[in-house]
Amino acid sequence: MPEFAELDPLLHQSLRLAVISVLVSVESADFVYLKERTGATAGNLSVQIDKLQEAGYINVVKDFVGKRPRTNCTITPQGREALAAYVTALQTYISLKS
Amino acid sequence: MEKNLNEKESLAIIHSMIAGTRSNLRENSVFYLLWGWTVLASALAHYLLIQLENEYNWLVWPIAMPLAGIASIFIGRKQEREAMVKTHLDRALNYLWGGFSVVLFIAILASVKYGFEITYPILIWMYGLGTFVSGGILRFSPLVWGGVIAWMIGIAAIFLPFEQQLLCVAGAILFSYIVPGHLLRRAPNA
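The listed protein sequences derive, respectively, from chains A and B. Its first residue numbered 18, the first sequence is counted upward by one per residue in my numbering. Its first residue numbered 18, the second sequence is counted upward by one per residue in my numbering.
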């Protein structure tokens with residue numbers, strides 16, 4: 018009997034999944050871009066970015082553009098692997114259901 | 018409270034986020050226009066100075082090209098600093114045009130030793146290569162066609178004398194950089 022692959026709880030949340038999906042498709046993205054793409058509030062996005070960073074799934078670099086602070090995010094190899102594993106797990110769920 | 022996702026919702030999020038990635042096409046147009054108009058003006062000025070029998074006719078290039086180079090670096094750095102997102106296409110284009118600059122420099126260096134008869138045709142082929150590949154990467158057909166036209170002009174240039182090769186440079190840059198550059202400026206993002 019096929020087993021249920023475990024879904025990574027860190028990615029199984031809509032905003033974190035959206036952030037990692039944006040980052041897998043670009044070289045790097047800043048906070049404002051991620052906010053626009055995901056439609057999240059700044060506060061919520063900030064919290065979820067911190068969680069993804071703590072897990073080692075993304076790198077966050079804070080710098081300044083002129084006098085404006087900027088938060089630039091990139092996906093790490095670990096984050097890439099985690100998303101791939103998450104998608105594989107999703108596929109097992111779908112194939113088990115159908 | 019975190020919403021519990023089902024597998025279809027998860028896939029929909031991944032799909033919509035990946036599919037929604039856009040590259041800012043218009044930002045690229047500034048480089049085609051900057052180099053296009055600089056090269057066009059330099060080629061025509063060089064041609065005109067030859068007609069006027071000015072012995073320093075070639076001097077337009079070592080003056081104009083470094084100025085355009087400095088402007089390009091300045092604009093590129095500003096764009097990179099202010100960009101909210103950097104896509105894989107941006108990275109591919111950076112490598113393409115970085116490599117293009119190196120080969121251009123080598124071609125000019127070789128011309129110093131072997132003569133300048135074939136230099137302009139080589140530069141025209143390279144303009145064609147740069148815009149053809151960029152057009153493919155950006156899925157922007159005027160650049161692809163501009164590249165093809167540059168190659169055709171570049172073939173003709175092989176059989177023409179040096180002075181007329183300058184007019185070929187002007188024509189090639191018009192079709193491969195300036196026209197697509199202006200069209201790119203008005204294009205939606207891709």
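Ideal Cβ placement from N, Cα and C applies to all residues, glycine included. Bear in mind that the values here come from a model prediction, so they are computed numbers and not experimental data.
Buried/exposed call for serine 63 of chain A, threshold 16 Cβ in 10 Å: Working through the first sequence from its first residue, we reach residue 63 of chain A at position 46. Its Cβ having fewer than 16 others within 10 Å, serine 63 of chain A is exposed.
Span of the alpha helix (DSSP H), counted from its first residue to its last, around proline 26 of chain A: Residue mapping note: residue 26 of chain A aligns to position 9 of the first sequence, counting from 1. Proline 26 of chain A: not part of any alpha helix (DSSP H); DSSP gives it neither H nor E.
Beta carbon proximity, arginine 94 of chain B to chain A, threshold 8 Å: Residue 94 of chain B sits at position 77 when you count from the first residue of the second sequence. By this cut-off, arginine 94 of chain B is not an interface position.
Uninterrupted alpha helix (DSSP H) stretches inside the stretch 34 to 111 of chain B (no shorter than 4 residues): Listed in chain order, the alpha helix (DSSP H) elements of length 4 or more contained wholly in the stretch 34 to 111 of chain B are 42 to 68, 77 to 99.
Positions along the stretch 122 to 151 of chain B whose CB lies within less than 9 Å of some CB in chain A: Taking a C-beta cut-off of 9 Å against chain A, none of the residues of the stretch 122 to 151 of chain B qualify.
Three-state secondary structure assigned by DSSP to proline 197 of chain B: For the purposes of this step, residue 197 of chain B is taken as residue 180 along the second sequence, with counting starting at 1. In the three-state scheme derived from DSSP, where H, G and I count as helix and E and B as strand, proline 197 of chain B is classed as helix.
Isoleucine 30 of chain B, DSSP secondary structure in three states: Numbered from its first residue, the second sequence carries residue 30 of chain B at position 13. In the structure shown, isoleucine 30 of chain B sits in a helix (DSSP, three-state: H, G or I).
Contact under 8 Å by Cβ, leucine 42 of chain B with leucine 146 of chain B: Translated into the one-based positions of the second sequence, residue 42 of chain B becomes position 25. Translated into the one-based positions of the second sequence, residue 146 of chain B becomes position 129. Not closer than 8 Å, so no.
DSSP three-state assignment for isoleucine 66 of chain A, whether helix, strand or coil: The residue you call residue 66 of chain A lines up with position 49 of the first sequence. Note: isoleucine 66 of chain A maps to helix in three-state DSSP.
Alpha helix (DSSP H) segments (min. 4 residues) lying fully within the stretch 129 to 161 of chain B: Fully contained in the stretch 129 to 161 of chain B are the following alpha helix (DSSP H) runs of length 4 or more, in chain order: 136 to 155.
Other residues of its chain near leucine 66 of chain B: CB distance less than 6 Å, five sequence neighbours each side excluded: Within the second sequence, residue 66 of chain B is the residue found at index 49, counting from 1. Excluding positions up to five away in sequence, the list reads Asn74.
Exposed unless 16 or more other CB atoms sit within 10 angstroms - verdict on valine 39 of chain A: Numbered from its first residue, the first sequence carries residue 39 of chain A at position 22. So valine 39 of chain A counts as buried.
Min CB distance glutamate 72 of chain B to chain C below 8 Å: The structure shown contains no chain C; its protein chains are A and B.
Methionine 34 of chain B versus threonine 55 of chain A: straight-line alpha-carbon distance, rounded: Numbered from 1 along the second sequence, position 17 holds the residue referred to as residue 34 of chain B. Numbered from 1 along the first sequence, position 38 holds the residue referred to as residue 55 of chain A. Between methionine 34 of chain B and threonine 55 of chain A, the alpha-carbon positions lie close to 8 Å from each other.
Whether proline 159 of chain B touches valine 196 of chain B by CB criterion (8 Å): Residue 159 of chain B sits at position 142 when you count from the first residue of the second sequence. Residue 196 of chain B sits at position 179 when you count from the first residue of the second sequence. Using a Cβ distance threshold of 8 Å, proline 159 of chain B and valine 196 of chain B count as a contacting pair.
Sequence-distant residues of its chain with Cβ nearer than 8 Å to threonine 93 of chain A (five each side left out): Residue 93 of chain A sits at position 76 when you count from the first residue of the first sequence. Same-chain partners within the cutoff: Gly73, Tyr74, Ile75, Asn76.
CA nearest to the CA of leucine 50 of chain B, picked from B:Pro79, B:Ile92, B:Ile31: Position 33 of the second sequence, counted from the start, is the residue given in the question as residue 50 of chain B. Relative to leucine 50 of chain B, the option among B:Pro79, B:Ile92, B:Ile31 whose CA is nearest is B:Ile92.
Secondary structure of asparagine 61 of chain A, DSSP reduced to three states: Position 44 of the first sequence holds residue 61 of chain A. Looking at asparagine 61 of chain A - three-state DSSP - the assignment turns out to be helix.
Pair within 8 Å by beta-carbon distance, valine 161 of chain B and glycine 153 of chain B: Your numbering for residue 161 of chain B matches position 144 in the second sequence. Your numbering for residue 153 of chain B matches position 136 in the second sequence. Going by C-beta atoms, valine 161 of chain B is nearer than 8 Å to glycine 153 of chain B.
Sub-8 Å separation of valine 36 of chain A and leucine 51 of chain A beta-carbons: Within the first sequence, residue 36 of chain A is the residue found at index 19, counting from 1. Within the first sequence, residue 51 of chain A is the residue found at index 34, counting from 1. A contact, by the Cβ cut-off of 8 Å.
Cα-Cα separation, threonine 58 of chain A to phenylalanine 48 of chain A: Residue numbering aside, residue 58 of chain A sits at position 41 when the first sequence is read from its first letter. Residue numbering aside, residue 48 of chain A sits at position 31 when the first sequence is read from its first letter. Approximately 11 Å between the Cα atoms of the pair.
Interface flag, isoleucine 154 of chain B vs chain A, CB-CB below 8 Å: Translated into the one-based positions of the second sequence, residue 154 of chain B becomes position 137. It does not; no Cβ of chain A falls within 8 Å.
Proline 86 of chain A to leucine 27 of chain A span [Cα, whole Å]: What you label residue 86 of chain A is simply residue 69 of the first sequence in a count that begins at 1. What you label residue 27 of chain A is simply residue 10 of the first sequence in a count that begins at 1. About 27 Å.
Beta-bridge pairing of alanine 167 of chain B - partner residues as DSSP gives them: Reading the second sequence from its first residue, position 150 is the one you call residue 167 of chain B. None; alanine 167 of chain B has no bridge partner.
Burial state of phenylalanine 81 of chain A (16 or more Cβ within 10 Å): By one-based count along the first sequence, residue 81 of chain A stands at place 64. Around the C-beta of phenylalanine 81 of chain A, fewer than 16 other C-beta atoms lie within 10 Å, and the residue is accordingly described as exposed.
Chain B contacts made by the stretch 44 to 55 of chain A, where a contact means CB separation under 7 Å: The stretch 44 to 55 of chain A vs chain B, Cβ under 7 Å: Glu44, Ser45, Ala46, Asp47, Val49, Tyr50, Arg54.
Pick from B:Met169, B:Leu177, B:Pro205, B:Gln96 that is closest to isoleucine 190 of chain B, judged by C-alpha positions: Within the second sequence, the letter at position 173 stands for residue 190 of chain B. Nearest Cα to isoleucine 190 of chain B within the set B:Met169, B:Leu177, B:Pro205, B:Gln96: B:Met169.
Nearest neighbour of alanine 46 of chain A, chosen from B:Thr104, B:Ile123, B:Leu28, B:Asn71 [CA to CA]: Your numbering for residue 46 of chain A matches position 29 in the first sequence. The shortest Cα separation from alanine 46 of chain A among B:Thr104, B:Ile123, B:Leu28, B:Asn71 belongs to B:Thr104.
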